[in-house]
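Working notes, beginning with the structure itself.
Numbering (the working numbering), first residue to last: 8 to 304.
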């Protein structure tokens with residue numbers, strides 16, 4: 008079996024996205040396109056990693072239903088390692104549904120109940136020697152998403168199974184940002200958040216990404232990256248301060264998955280040896296290319 012370059016832990020599901028070139032409001036009924044693609048935070052990160060040539064291993068829950076079989080097959084075709092996915096007999100495959108208009112994301116619902124219900128079953132390969140154990144924990148990169156329950160994230164924060172890992176952590180959405188609190192001060196964690204999520208984690212309203220990065224470091228974070236749409240974004244490291252950069256101005260054609268693309272591109276840049284500023288610039292370029300629609304989903 009091929010050893011993964013990175014583990015992606017979290018949601019792997021079907022993204023059902025309705026997009027319209029028209030600006031929308033509550034009650035809008037407009038023409039557009041509806042797509043169904045593999046998605047979820049962990050999956051979006053894994054897809055970007057594959058585009059950059061890395062081999063991700065997926066730790067998630069997928070049902071033993073027809074949708075689940077189709078999803079696992081799609082992941083395998085893309086070159087991801089699916090051997091360690093927990094396949095539930097009684098839980099359905101998760102789904103995410105979003106509506107996007109010319110004026111941005113209108114609404115979204117994430118149905119990740121099966122992932123939440125599975126709990127630490129998805130982590131078994133890290134404990135039973137397939138990928139590691141408490142005595143010899145996984146020592147590589149891990150991309151961890153906030154669709155896991157707060158209890159499981161707290162367990163991960165204290166677990167010896169993650170003691171040697173390079174943890175890269177992202178909330179699934181602003182509504183789930185508080186779940187990351189147990190990992191905020193983890194000495195091996197890098198947090199990737201947007202301005203709203205940073206404000207929620209610190210219970211303070213920030214007005215810029217550099218301000219938010221400094222605020223998170225003050226709250227105990229060791230390393231953070233804060234995005235702010237098309238405005239200035241920032242990276243903060245304990246003891247090294249905050250740096251910032253601006254994304255390229257592009258015509259935005261899609262939003263869902265942009266943050267995950269940013270995170271994956273930053274991981275790849277650092278894995279290739281890029282220093283702080285070039286790694287941030289590389290991630291911003293990749294995210295701009297993604298939202299402009301110049302690369303496939």
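Virtual Cβ for every residue (Gly too), placed ideally from N, Cα, C.
From the options, residue whose alpha carbon lies closest to that of residue i
{"i": "residue 272", "options": "152, 13 and 59", "result": "59"}
{"i": "residue 26", "options": "223, 166 and 106", "result": "106"}
{"i": "residue 88", "options": "96, 13 and 296", "result": "13"}
{"i": "residue 191", "options": "165, 146 and 228", "result": "228"}
{"i": "residue 194", "options": "183, 47, 226 and 41", "result": "226"}
{"i": "residue 39", "options": "173, 24, 45 and 223", "result": "24"}
{"i": "residue 9", "options": "15, 282 and 86", "result": "86"}
{"i": "residue 15", "options": "147, 288, 276 and 253", "result": "147"}
{"i": "residue 55", "options": "135, 79 and 150", "result": "150"}
{"i": "residue 237", "options": "79, 117, 104 and 253", "result": "253"}
{"i": "residue 129", "options": "68, 280 and 116", "result": "68"}
{"i": "residue 173", "options": "119, 127, 278 and 84", "result": "278"}
{"i": "residue 93", "options": "140, 127, 169 and 210", "result": "127"}
{"i": "residue 136", "options": "210, 157 and 168", "result": "168"}
{"i": "residue 97", "options": "115, 110 and 75", "result": "75"}
{"i": "residue 77", "options": "141, 115, 41 and 19", "result": "19"}
{"i": "residue 41", "options": "104, 82, 83 and 80", "result": "104"}
Contacting residues, own chain, Cβ-Cβ under 6 Å from residue i (five flanking each side not counted)
{"i": "residue 206", "result": "212 and 213"}
{"i": "residue 51", "result": "264 and 267"}
{"i": "residue 5", "result": "Residue 5 cannot be examined here, being either before or after the span of the chain that is shown, 8 to 304."}
{"i": "residue 132", "result": "91 and 138"}
{"i": "residue 197", "result": "175 and 230"}
{"i": "residue 297", "result": "265 and 268"}
{"i": "residue 276", "result": "286 and 289"}
{"i": "residue 235", "result": "202 and 216"}
{"i": "residue 189", "result": "160, 161 and 164"}
{"i": "residue 244", "result": "230"}
{"i": "residue 110", "result": "30"}
Counterpart residues of residue i in DSSP-defined beta bridges
{"i": "residue 69", "result": "94"}
{"i": "residue 104", "result": "23 and 116"}
{"i": "residue 240", "result": "252"}
{"i": "residue 152", "result": "177"}
{"i": "residue 45", "result": "21"}
{"i": "residue 63", "result": "13"}
{"i": "residue 199", "result": "232"}
{"i": "residue 207", "result": "DSSP output for residue 207 lists no bridge partner at all."}
{"i": "residue 111", "result": "108"}
{"i": "residue 40", "result": "26"}
{"i": "residue 88", "result": "64"}
Nearest-angstrom Cβ-Cβ length linking residue i and residue j, presumed shorter than 8 Å
{"i": "residue 185", "j": "residue 208", "result": "7 Å"}
{"i": "residue 144", "j": "residue 171", "result": "5 Å"}
{"i": "residue 57", "j": "residue 21", "result": "18 Å between Cβ atoms; not a contact."}
{"i": "residue 249", "j": "residue 221", "result": "5 Å"}
{"i": "residue 166", "j": "residue 125", "result": "16 Å between Cβ atoms; not a contact."}
Local Cβ density within 10 Å of residue i, reported as buried at 16 or more and exposed below that
{"i": "residue 102", "result": "buried"}
{"i": "residue 303", "result": "Low confidence applies here, because residue 303 scores a pLDDT of 49, under 50, leaving its location unreliable; read the following figure in that light. Flag for residue 303 reads exposed."}
{"i": "residue 32", "result": "exposed"}
{"i": "residue 35", "result": "exposed"}
{"i": "residue 112", "result": "exposed"}
{"i": "residue 274", "result": "buried"}
{"i": "residue 163", "result": "buried"}
{"i": "residue 53", "result": "buried"}
{"i": "residue 46", "result": "buried"}
{"i": "residue 280", "result": "exposed"}
{"i": "residue 246", "result": "exposed"}
{"i": "residue 80", "result": "exposed"}
Cβ shell of residue i (< 8 Å), same chain only, five flanking positions each side left out
{"i": "residue 299", "result": "257, 258, 259 and 260"}
{"i": "residue 153", "result": "17, 48, 160, 176, 177, 178, 179, 180, 183, 184, 186 and 187"}
{"i": "residue 255", "result": "291, 292 and 295"}
{"i": "residue 37", "result": "27, 29, 31 and 108"}
{"i": "residue 283", "result": "242, 244, 247 and 250"}
Own chain, CB closer than 7 Å to residue i, minus 5 neighbours either side, in chain order
{"i": "residue 251", "result": "216, 217, 239, 240 and 241"}
{"i": "residue 99", "result": "70, 72 and 121"}
{"i": "residue 11", "result": "62, 63, 64 and 88"}
{"i": "residue 141", "result": "134, 167 and 168"}
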